[in-house]
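The numbering used here puts the first residue of the sequence shown at 149, with every later residue one more than the last. Glycine included, each C-beta is placed from N, C-alpha and C at the ideal position. What follows is a set of notes on a single structure, which appears directly below.
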Amino acid sequence: MTNLNPQVFETAPAPPGTVWRPDDTTRAVPVCPDTVYREDILKTIEKTIQGLDGKLRKLSMDIHDHPELAYQEHHAHDVLTAFMADQGFEVTKHYHLETAWLASFENGTGGRTIGINSEMDALQGIGHACGHNLIAISGVAVACAIKAAFEKFNISGKIQILGTPAEEGGSGKIKLLDYGAYKEMAACLMCHPAPGPKGSVSLTSCLALERIEVEYFGHTAHAALSPWEGRNALDAAVLGYNNISALRQQLKPTHRVHGIFEGKDWAPNIIPDYAKFICYVRAPTRAEQKETMKRVLPCFEAAALATGCTSKIKVMGTTYDLRQNKALGDEVAHVVRSKYGSVDYEWGIKSASTDFGNVTYALPSLHPGFAIPTVPDGGNHTPGFAKSAATMEAHYACLDVSKALAATGVRVVIDDHFFAQVQKTFEEDKAIRDLV
Numbered sequence: 149m150t151n152l153n154p155q156v157f158e159t160a161p162a163p164p165g166t167v168w169r170p171d172d173t174t175r176a177v178p179v180c181p182d183t184v185y186r187e188d189i190l191k192t193i194e195k196t197i198q199g200l201d202g203k204l205r206k207l208s209m210d211i212h213d214h215p216e217l218a219y220q221e222h223h224a225h226d227v228l229t230a231f232m233a234d235q236g237f238e239v240t241k242h243y244h245l246e247t248a249w250l251a252s253f254e255n256g257t258g259g260r261t262i263g264i265n266s267e268m269d270a271l272q273g274i275g276h277a278c279g280h281n282l283i284a285i286s287g288v289a290v291a292c293a294i295k296a297a298f299e300k301f302n303i304s305g306k307i308q309i310l311g312t313p314a315e316e317g318g319s320g321k322i323k324l325l326d327y328g329a330y331k332e333m334a335a336c337l338m339c340h341p342a343p344g345p346k347g348s349v350s351l352t353s354c355l356a357l358e359r360i361e362v363e364y365f366g367h368t369a370h371a372a373l374s375p376w377e378g379r380n381a382l383d384a385a386v387l388g389y390n391n392i393s394a395l396r397q398q399l400k401p402t403h404r405v406h407g408i409f410e411g412k413d414w415a416p417n418i419i420p421d422y423a424k425f426i427c428y429v430r431a432p433t434r435a436e437q438k439e440t441m442k443r444v445l446p447c448f449e450a451a452a453l454a455t456g457c458t459s460k461i462k463v464m465g466t467t468y469d470l471r472q473n474k475a476l477g478d479e480v481a482h483v484v485r486s487k488y489g490s491v492d493y494e495w496g497i498k499s500a501s502t503d504f505g506n507v508t509y510a511l512p513s514l515h516p517g518f519a520i521p522t523v524p525d526g527g528n529h530t531p532g533f534a535k536s537a538a539t540m541e542a543h544y545a546c547l548d549v550s551k552a553l554a555a556t557g558v559r560v561v562i563d564d565h566f567f568a569q570v571q572k573t574f575e576e577d578k579a580i581r582d583l584v
């Protein structure tokens, strides 16, 4: 098994209590001989990332130690743009959005543009519990490695790395798409950490997601003296929640509907005149999600009717399922299997959602997961995962998948036949994606 830092997996065990999920494997992964496209380019990529190892680790921990919520990623914005400028990229700060950024590098004349994404935001109360510090440095590593290959082999092409804020509920990439930030890219690459078998990369999809806010309006009254004068908005919200619970039995097990209540000025002896139900509706594809929405929305309307309240339903926007480009995915899978580990199509973030899904609908894109060691019940969006995202094992797993992504990115730029396959598989997927 080739790894620039083999001691991480072979002689430096994870901390006590750490497990590699789901199968707890610790065995070395057999790999095939060096048959990757342009081995000389991959060696340059590996050498570049190895040379940046310490700096990337420091950058990752700096972001991890300064967690920032959606559209507030000011520290991450500043340290990442400073890093990219030091690496010779042309940097545009506050790119379309206050905390978004663009770093570009162009070599020669003509050539395709390869796109890369770096996420930066954290979660309320639990910091980098989705590992975006790792996603941030992966994007940096991929961009710097491709730049080194461009320079050493005199490759004509362009690199664009986007710092994308607000993945956690803020749809930052969708806003950047609307602004045209992806229009020059021939393809776009990024990755995401998750629990999984040691040394493995996942190429699953994820769920399409619709965010809904339902406001209920009633009438206050003294809850004991004259309750008949009131119209209970909280009751309406609770009924909407219970209607969803009743519907759930008839939904496919791969679909998800979940949410929370919010209110204002509530008191036990006053019938609430206002309540809000924030609800997420998810399904494996955008087309399925639309069909499920048709069944969910009447649940909210019926609740208002039953309680004598009025309602206002606001659909907040859709993030699509991941359409992993097959040609890009096959290439990453081949590099990973040849050099770094195994590939899986079952774990990853298949039951979560990401705004990168919308990017995959717009242009050929890839978003593999990579396994990091986690404690039991310490998957994404838990305090345990925030700790896992700071481990050296997670760091080197991130760098390995970054090498495979960089090698694939270079091939997009220089191999016309391969890029034709990337475009072909994108068009084939486009023809069927709204039907499944």
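query                                                                                                                                                                               : result
In this structure, how does DSSP classify residue 550 when only helix, strand and coil are distinguished?                                                                           : helix
For residue 190, list the residues DSSP reports as bridge partners.                                                                                                                 : Residue 190 pairs with nothing; no bridge assigned.
Considering residue 309, what are the terminal residues of the beta strand (DSSP E) in which it resides?                                                                            : 305-312
Compute the Euclidean distance between the alpha carbons of residue 277 and residue 536, then round it to the nearest angstrom.                                                     : 8 Å
Give me, in chain order, the residues of the same chain whose beta-carbon lies closer than 7 Å to that of residue 289; leave out the 5 immediate sequence neighbours on both sides. : 197, 200, 204, 547, 550
Can you tell me the Cα-Cα spacing of residue 225 and residue 368, whole angstroms?                                                                                                  : 46 Å
Pop quiz: residue 309 and residue 251 are said to be a contact at Cβ under 8 Å. What is the actual Cβ separation, rounded to whole angstroms?                                       : 5 Å
What residues in its chain sit with their C-beta under 7 Å from that of residue 292, if we drop five residues either side in the sequence?                                          : 196, 200, 235
Any chance you could list the alpha helix (DSSP H) runs of at least 4 consecutive residues sitting entirely within the segment 320-404, in chain order?                             : 320-326, 381-396
Of all the options 243, 394, 484, which has the alpha carbon lying nearest to the alpha carbon of residue 347?                                                                      : 484
Rank 492, 442, 330 by C-alpha distance to the C-alpha of residue 507 and give the top, closest one.                                                                                 : 330
Can the beta-carbon of residue 453 be found less than 8 Å from the beta-carbon of residue 505?                                                                                      : no
From residue 372 to residue 530, what distance separates their C-alpha atoms?                                                                                                       : 42 Å
Below 8 Å between beta carbons: does that hold for residue 267 and residue 285?                                                                                                     : no
Quick one: what does DSSP say residue 583 is sitting in, helix, strand or coil?                                                                                                     : coil
Give the straight-line distance between the Cα atoms of residue 233 and residue 254, rounded to the nearest whole angstrom.                                                         : 14 Å
Give me the DSSP bridge partner(s) of residue 467.                                                                                                                                  : 357
For residue 446, count neighbouring C-beta atoms within 10 Å of its own C-beta (all shown protein chains included) and say buried if the count is 16 or more, exposed if not.       : exposed
Rounding to the nearest angstrom, what Cα-Cα distance links residue 365 and residue 570 in this structure?                                                                          : 51 Å
Starting from the Cα of residue 332, find the closest Cα among 391, 231, 259 and give me that residue.                                                                              : 259
Have a look at residue 240 and residue 262 and give me their C-alpha separation to the nearest angstrom.                                                                            : 17 Å
CA-CA distance, residue 513 and residue 351?                                                                                                                                        : 12 Å
Report the rounded CA-to-CA distance for residue 361 versus residue 424, giving the unit in angstroms.                                                                              : 7 Å
Is there contact between the segment 336-346 and the segment 486-500, where contact requires at least three CB pairs shorter than 8 Å?                                              : yes
Name the two residues that bound the continuous alpha helix (DSSP H) containing residue 234.                                                                                        : 222-234
Figure out for me which residue from 527, 229, 230, 583 has the closest Cα to the Cα of residue 433.                                                                                : 583
Go ahead and pull the three-state DSSP assignment for residue 491.                                                                                                                  : strand
Out of 544, 524, 194, 385, which has the shortest C-alpha to C-alpha gap to residue 450?                                                                                            : 385
In three-state DSSP terms, what is residue 522?                                                                                                                                     : strand
Quick one: what does DSSP say residue 253 is sitting in, helix, strand or coil?                                                                                                     : strand
Buried or exposed, going by whether 16 or more other CB atoms sit within 10 Å of the CB of residue 398?                                                                             : exposed
Checking the sheet assignment: what are the DSSP bridge partners for residue 425?                                                                                                   : 362, 409
Short check: CB of residue 322 to CB of residue 477, under 8 Å?                                                                                                                     : no
Jot down the residue ranges of each uninterrupted alpha helix (DSSP H) in the segment 255-309, minimum 4 residues, whole runs only, in chain order.                                 : 280-300
Is residue 418 helix, strand or coil when you go by DSSP?                                                                                                                           : strand
Between residue 532 and residue 221, what straight-line distance do the alpha-carbon atoms span, to the nearest angstrom?                                                           : 22 Å
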